[in-house]
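To keep things clear, I will list the structure first and then write my remarks on it.
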Ligand code: ATP
């Protein structure tokens with residue numbers, strides 16, 4: 001287990017500030033997720049931590065040692081990429097054993113470690129196969145096992161689940177999470193998928209345009225977004241934002257419900273909600289529409305649990321409400337969250 005610290009790290013590619021003066025510190029043994037839209041600099045940051053990209057400025061520390069100018073192999077880090085890059089001509093056993101063989105580890109120890117890692121990922125029965133005889137999920141497990149035999153003190157993962165279909169992805173996610181808790185190795189995981197980030201992360205780092213916008217637990221990120229970018233990037237559908245003067249009022253779709261259901265929740269704010277579209281999704285219903293004066297009506301979404309069977313028709317206006325404690329306020333100009341509600 002180890003701590004990774006990033007101090008004032010920047011990376012410029014010509015004019016492009018891929019990573020812009022980032023400070024970040026992991027907690028030992030945590031699962032930290034770097035989340036952000038394509039091109040926000042997540043991969044570049046991860047590659048700098050791994051030592052395969054050189055920072056333009058700043059320092060990287062692992063276990064309190066500055067490693068900024070040390071080559072990757074001295075960092076005791078294992079990185080698994082989007083493409084697993086298994087050696088096609090080698091069996092699963094030899095693929096997993098490869099990093100140990102190159103280090104000159106003796107045969108008996110290699111056998112022991114390969115079997116340990118294979119057991120960890122439940123791939124013992126695949127050891128004699130070649131990568132082409134494996135499913136996508138199995139290949140992924142082999143890649144993870146190969147990274148783990150080195151017993152790295154830090155594990156870096158760059159969208160390792162992105163090649164899997166939805167069902168496999170969900171089970172691979174659970175597996176990865178359980179495995180990480182079992183081994184307790186500090187893990188930094190890159191994704192642009194907010195569902196994945198919420199499900200996997202002890203903490204999430206939300207990035208945009210090379211900068212960190214917020215670091216927090218999934219719950220903090222979801223309920224107390226630092227700014228309108230985080231509020232709308234995390235959550236699907238995103239947080240509703242209504243403009244009043246220089247303050248934006250935000251609320252999550254699941255907090256915006258028919259007023260008649262709002263008994264006993266305390267103080268609520270009520271809006272006339274003109275419904276323009278509904279989507280029945282089984283477990284829930286999404287209701288789209290507008291609130292506010294016709295001249296500057298704002299588009300908002302309500303997410304109703306499937307258990308709410310009230311008839312809601314397109315073209316009609318209903319009274320919808322949000323508990324006051326679920327309102328969030330943002331400064332319109334900076335986008336930053338503020339405690340100040342609209343005047
Ligand atoms: P994605 O999710 O699409 O992988 P990302 O958040 O990981 O995106 P990066 O790959 O870190 O983003 O890229 C950040 C920025 O740096 C992008 O604008 C990208 O075009 C640029 N960039 C990355 N690598 C290079 C490079 N080798 N040369 C020039 N520009 C680069």
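Residue numbers (this note's numbering): 1 to 343.
All C-beta atoms, glycine included, are put in the ideal place defined by N, C-alpha and C.
Taking C-beta atoms under 8 Å as the contact rule, residue 203 and residue 30 qualify, at a distance of about 6 Å.
When DSSP assignments are scanned along the segment 239-314, the uninterrupted stretches of beta strand (DSSP E) that are 3 or more residues long and fall wholly within it turn out to be 240-244, 247-251, 268-280, 284-291, 298-305. Residue nearest to residue 57 within the set 224, 19, 92 is 19 (criterion: CA-CA distance). No heavy atom of ligand 1 is found nearer than 8 Å to the CB of residue 327. When beta bridges are read from the DSSP output, residue 94 appears opposite no residue. For a cut-off of 8 Å, the C-beta gap from residue 41 to residue 216 is around 19 Å, too long to register as a contact. By the Cβ rule, the segment 124-134 does not count as touching the segment 43-59, because fewer than three pairs are nearer than 8 Å. Note that the C-beta distance between residue 242 and residue 292 is below 9 Å. Below 8 Å, too few C-beta pairs join the segment 167-176 and the segment 2-16 to call them touching: fewer than three. Residue 206 and residue 36 do touch by the CB rule: their CB atoms are close to 6 Å apart, below 8 Å.
For the 9 Å CB-CB criterion, residue 162 and residue 137 do not form a contact.
In this structure, the beta-carbon distance from residue 258 to residue 310 falls below 9 Å.
By the C-beta criterion, the segment 264-279 is judged not to be in contact with the segment 328-342, since fewer than 3 inter-stretch pairs fall below 8 Å. Set against 8 Å, the gap from the CB of residue 159 to the closest heavy atom of ligand 1 is smaller. In this structure, ligand 1 has a non-hydrogen atom nearer than 8 Å to the beta-carbon of residue 37. Around the C-beta of residue 201, 16 or more other C-beta atoms lie within 10 Å, and the residue is accordingly described as buried. The C-alpha of residue 76 is placed about 17 Å away from the C-alpha of residue 158. Under a 10 Å Cβ-count criterion, residue 92 is classified as buried, with 16 or more other Cβ atoms of the shown protein chains found around its own Cβ. Residue 72 sits in a helix when the DSSP states are folded into three classes. Taking a 10 Å sphere around the C-beta of residue 87, we find fewer than 16 other C-beta atoms and assign the residue as exposed. Contact between residue 225 and residue 239 holds: CB atoms are separated by about 7 Å, below the 8 Å threshold.
No heavy atom of ligand 1 is found nearer than 8 Å to the CB of residue 216.
At a cut-off of 8 Å, the beta-carbon of residue 56 does not count as near ligand 1: no heavy atom of the ligand is closer than that. With contacts defined as CB atoms closer than 9 Å, residue 280 and residue 301 fail to qualify as a contacting pair. The shortest C-alpha to C-alpha distance from residue 322 to any of 265, 316, 314 is the one to 265. In the three-state reduction of the DSSP assignment, residue 137 falls in the helix class, which pools H, G and I.
Taking C-beta separations shorter than 6 Å and ignoring five residues to either side along the sequence, the partners of residue 188 in its chain run 32, 156, following chain order.
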